[in-house]
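A.B. asks: The numbers in numbering that gives the first Met the number 0 rise by one with no breaks, and the one at position 40 of the sequence shown is 39. Every residue gets a Cβ at the ideal spot worked out from N, C-alpha and C, and that includes glycine. Sharing a structure with you now.
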Amino acid sequence: MSNRVPLSILDLVSVSEGQDAGEAIGHAMEAAVLADRLGYERLWYAEHHNTEAVASAATQVLIGRAAGLTSRIRVGSGGVMLPNHAPLMVAEQYGTLAQLFPGRIDLGLGRAPGTDRMTAHALNRTSADPQAFAEAVWDLVGWFSGGRSHSINIEAGVAAGTNVPIWVLGSTTSGASIAGQLGLPFSIAAHFAPDQVEDAIAVYRQMFTTDAPTSQISEPRVMVGVNVLVAETDEEAQFQFSTHQQMFLSVRRGTRHKLLPPVPVAKVGSVSEVQALDSMLRVRAVGSPETVRRGLESLVERTGADELITTTYTYDPAVRLESIRLLAEAWGLEATS
């Protein structure tokens with residue numbers, strides 16, 4: 000098995016201290032153009048709400064802008080948090096995107112709200128119950144194929160025939176089981192929820208079936224999320240990664256704020272806090288190009304991943320662009336002119 004699987008990017012459109020959301024979106028679009036040119040497989044935007052640190056609340060808007068600025072890379076959601084949306088609206092929005100950018104739009108779906116309890120209540124439109132989720136996916140497949148849902152006699156003409164690929168997002172064996180039973184590809188959030196990675200992948204492959212009416216692929220496909228930061232040296236990469244650590248620490252402390260400048264690891268937090276962060280963020284490849292290449296190859300070997308999706312938070316947007324470039328070179332991606 001080759002360890003050089005496709006590489007993709009998960010973007011939350013992070014907002015650094017001193018920036019506003021508009022500036023952050025502008026920098027995210029620069030990254031989209033670069034990723035397209037460097038040969039990354041896909042670029043996904045993750046839905047989050049009620050937080051200063053990220054500006055990726057309206058994924059479909061970001062997808063449309065990024066797809067319009069690029070020519071090759073697949074662009075999609077990683078994901079749409081289905082409890083926050085009416086499935087018909089999702090079908091119409093992503094069907095429209097697929098009409099505008101044929102063959103380049105993905106729809107990743109999650110069952111979590113992507114926010115706190117109060118905000119989730121304000122957004123709630125669909126049940127997160129596994130059965131309700133499966134039924135919503137079945138309706139979406141119907142709308143994307145023939146334009147009509149399976150459960151209700153409603154058409155989504157703009158979605159008909161687009162056959163938008165659907166991915167199931169998850170971090171546990173429960174989500175993995177759902178993805179397998181639906182016969183859909185599975186993207187596992189190992190980058191922030193690493194505890195069940197191997198078990199979840201095993202369950203997904205065991206439960207995978209092509210007999211489900213929702214099935215879109217002929218064999219299991221697993222994409223693994225991984226934290227990545229590449230710099231010229233291991234020391235510089237670890238220093239820049241402290242911004243990522245500080246962001247997650249602020250969530251743990253309940254003191255959410257925009258991304259902070261990097262600091263020496265000793266100043267990130269207490270010893271126990273850093274240990275907790277190291278455990279939570281342990282699925283990572285941080286260092287020089289060679290260090291990161293070896294780390295990603297090891298992750299592919301350990302999980303059998305068919306694809307990796309990388310997430311990178313930096314205070315300085317230029318540092319993130321350089322990380323994206325160095326990673327593409329280290330992994331041997333085929334750049335276009």
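Hey, could you find the ends of the beta strand (DSSP E) ALA284 is sitting in?
C.D. replies: Where ALA284 is concerned, the enclosing beta strand (DSSP E) stretches over 283-286.
A.B. asks: Hey, does VAL163 have any beta-carbon neighbour from chain D nearer than 8 Å?
C.D. replies: The question asks about chain D, but that chain is absent: this structure has only one protein chain.
A.B. asks: Can you give me the C-alpha to C-alpha distance between VAL282 and SER186, rounded to a whole angstrom?
C.D. replies: 14 Å
A.B. asks: What's the C-alpha gap between ASN83 and SER76?
C.D. replies: 14 Å
A.B. asks: My guess is that VAL264 and GLN237 are in contact by the Cβ rule of under 8 Å, so how many angstroms apart are they, rounded?
C.D. replies: Right, their Cβ atoms sit about 7 Å apart.
A.B. asks: What whole-angstrom Cβ distance do ILE177 and THR302 have, given they're in contact under 8 Å?
C.D. replies: Between THR302 and ILE177 the Cβ distance is about 19 Å, and since that is not below 8 Å, they are no contact.
A.B. asks: In terms of DSSP beta bridges, what is SER13 paired with?
C.D. replies: VAL53
A.B. asks: Can you round the beta-carbon distance between PHE143 and GLY179 to whole angstroms, since I take them to be within the 8 Å contact cut?
C.D. replies: In fact, because the Cβ distance is near 20 Å, the residues do not count as touching under 8 Å.
A.B. asks: Going by CA-CA distance only, name the one from ALA158, LEU9, THR50, ASP210 that's closest to ILE62.
C.D. replies: LEU9
A.B. asks: What do you get for ASP138, buried or exposed, if any count of 16 or more other CB atoms within 10 angstroms of its CB means buried?
C.D. replies: buried
A.B. asks: Is the beta carbon of LEU6 less than 8 Å from the beta carbon of ALA45?
C.D. replies: no
A.B. asks: For a minimum of 4 consecutive residues, which ranges assigned as the alpha helix (DSSP H) are wholly contained in the segment 130-199?
C.D. replies: 172-181
A.B. asks: Using the DSSP secondary-structure output, state which residues sit across from ASP105 in a beta bridge.
C.D. replies: GLY75
A.B. asks: Report, in whole angstroms, the separation of the C-beta atoms of LEU33 and ILE308, which I expect to be a contact under 8 Å.
C.D. replies: The Cβ separation is near 16 Å, so there is no contact.
A.B. asks: Taking the alpha helix (DSSP H) that GLY94 falls in, what are its first and last residues?
C.D. replies: Run containing GLY94: 86-99, per the alpha helix (DSSP H) assignment.
A.B. asks: For the alpha helix (DSSP H) holding GLU29, just list the boundary residues, first then last.
C.D. replies: 20-37
A.B. asks: Just the Cα atoms here: how many angstroms apart are THR254 and GLY17?
C.D. replies: 17 Å
A.B. asks: Where LEU248 and MET279 are concerned, what is the direct C-alpha to C-alpha distance, given to the nearest angstrom?
C.D. replies: 10 Å
A.B. asks: Shortest alpha-carbon distance to THR232 belongs to which of GLY21, GLY38, GLY331, VAL318?
C.D. replies: Of GLY21, GLY38, GLY331, VAL318, the smallest CA-CA separation from THR232 is found for VAL318.
A.B. asks: Which residue marks the beginning of the alpha helix (DSSP H) containing ILE216, and which one marks its end?
C.D. replies: It is not in any alpha helix (DSSP H) - ILE216 carries neither H nor E in the DSSP assignment.
A.B. asks: Flag this pair as touching only if the segment 101-110 and the segment 159-170 have three or more C-beta atom pairs under 8 Å; answer yes or no.
C.D. replies: yes
A.B. asks: Tell me which residues share the same chain as ALA334 and place their Cβ nearer than 8 Å to its Cβ, disregarding the 5 neighbours each side in the sequence.
C.D. replies: Correct list, in chain order: ARG36, LEU37, GLY38, ALA327.
A.B. asks: Where does ARG220 land, buried or exposed, given buried means 16+ other C-beta within 10 angstroms?
C.D. replies: Counting C-beta atoms within 10 angstroms of its own C-beta, ARG220 has 16 or more neighbours from the protein chains shown and is therefore classed as buried.
A.B. asks: Whole angstroms is fine: what's the gap from THR242's alpha carbon to HIS47's?
C.D. replies: 19 Å
A.B. asks: The beta strand (DSSP E) spanning GLU306 covers which residue range?
C.D. replies: Segment 306-310, the beta strand (DSSP E) holding GLU306.
A.B. asks: Would you call the CB atoms of ALA155 and LEU87 closer than 8 Å?
C.D. replies: yes
A.B. asks: Thinking TYR314 and LEU258 are a contact (beta carbons under 8 Å), I'd like their distance in whole angstroms, please.
C.D. replies: 5 Å
A.B. asks: For SER249, which of helix, strand or coil comes out of DSSP?
C.D. replies: For SER249, the secondary structure class from DSSP, reduced to helix, strand or coil, is helix.
A.B. asks: Could you tell me if THR208 is buried or exposed, where buried requires 16 or more neighbouring beta carbons within 10 angstroms of its beta carbon?
C.D. replies: The residue is exposed, with fewer than 16 neighbouring Cβ atoms inside 10 Å.
A.B. asks: Within its chain, find whatever has a CB closer than 6 Å to the CB of THR290; leave out the 5 residues flanking it on each side and keep chain order.
C.D. replies: ASP233
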